[in-house]
Structure formats: C-alpha cells, structure tokens
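Residue numbering for the sequence shown follows full-length UniProt numbering, beginning at 1 and increasing consecutively. Think of the CB as a built atom: it goes at the ideal place given N, C-alpha and C, for glycine as much as any other residue. Notes follow the structure.
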Amino acid sequence: MKLDAIDRRILAALQRDGRLQNIELAKTVGLSPSPCLRRVRLLEEAGVIERYVAVVNAGKVGKGLTVFARIWLTGQDAETVDHFTAAIQQLPQVVECHLMAGDCDFLLRIVAADLDDYRQFQIAHLTRIKGVQSVKTEIPMQKIKLTSAIPV
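Below you can see the structure in the form of structure tokens.
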C-alpha cells in the first residue's frame with residue numbers, strides 16, 4: 001500500500017492516541033469524517049495498522065524492572081531454534097524476543113518486579129529451556145526513550 005501525506009497524518013495521530021474518535025481524527029488530519037473513516041479502514045485491512053492497544057505503566061502493575069537477556073543456544077538448527085521460540089511464546093515476562101545476527105542468538109526484553117523476581121524467572125524458566133547454552137543479563141540504569149511509535 002502506498003501511503004500519502006494524509007495517511008501518514010492519520011497514522012501519526014493514532015499512534016499518539018489510539019482512542020481518538022473518528023470526528024476528532026478527521027479534524028486533526030483535515031478530512032471530513034466519512035473519507036477519514038474509509039482511510040482508517042483501508043489502513044487496517046492492508047495491515048498497516050495491526051491492532052490497537054493500551055500502553056500500561058509497568059511500574060504501576062508491579063513490573064518495574066526491565067532487563068535485557070542475550071541468549072546463546074547450543075545450536076542454530078531449526079529444531080533448537082523452533083523449540084526455544086515456542087518456549088519463549090509461553091513466558092509472559094518476555095515482552096520482546098529478537099533472533100539476532102552477530103554475537104548472540106537471541107535478545108530478550110524481560111519485565112519483572114525486581115532483581116530477585118528476575119533471578120527466579122531466569123532459574124525456573126529461562127535456563128531450563130532445552131538448547132539454552134548461556135544467558136547474559138544486561139540491566140539498564142536509566143530509561144532514556146521508550147516508544148512504540150514508528151516514524152511515518
């Protein structure tokens with residue numbers, strides 16, 4: 001789908017506030033409500049807009065610690081990788097998982113209540129996944145920027 005300037009304004013506005021009513025959105029992007037709604041529906045149908053979510057403050061729900069874990073597997077064969085990715089899908093503490101090119105095999109972003117909670121998660125779950133050879137944990141000192149908005 002080729003995006004024009006109005007589509008980009010719609011996307012930027014919805015990324016700032018996904019709960020915008022169509023009338024407000026239309027005013028913001030300079031359209032009347034019907035064409036605006038039609039464009040939003042086309043963006044949804046094309047998969048440009050995947051879904052709408054609420055952004056939850058992790059600290060206020062008892063998950064104030066974020067850590068990054070670099071994972072090395074015993075091998076990079078399909079069976080080992082598939083087993084690891086299936087296991088990770090079942091762990092809600094893992095909020096991001098990336099297959100990496102470079103030093104490690106996977107990079108995970110994990111949320112926990114505190115360092116002890118993460119350590120228990122690592123012992124009970126992460127290191128018990130078949131094929132995990134090594135886990136190196138990185139603990140951020142300060143959050144500088146965290147966004148889900150894609151520049152459009």
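query: Best match in Cys97, Ala112, Leu14 for proximity to residue 156 [C-alpha to C-alpha]; result: One cannot answer for residue 156 here, as it falls past the ends of the chain, which runs 1 to 152.
query: Arg8 classed as buried or exposed, judged by whether at least 16 other C-beta atoms fall within 10 angstroms; result: exposed
query: Reference Leu91, options Ile110, Gly18, Thr74, Leu73, closest by Cα; result: Ile110
query: Start-end ranges of the alpha helix (DSSP H) lying completely within the stretch 109-140, minimum 4 residues; result: 115-124
query: Rounded separation between Ile139 and Val67 - CA only; result: 5 Å
query: Length of the line joining the Cα atoms of Gly102 and Lys130; result: 21 Å
query: Span of the beta strand (DSSP E) around Val95; result: 94-99
query: Given 8 Å, three or more beta-carbon pairs between the stretch 82-96 and the stretch 118-138; result: yes
query: Cβ neighbour criterion (16 or more within 10 Å) applied to Arg39; result: buried
query: Supposed contact pair Leu108 and Ile71 - C-beta distance, whole angstroms, cut 8 Å; result: 6 Å
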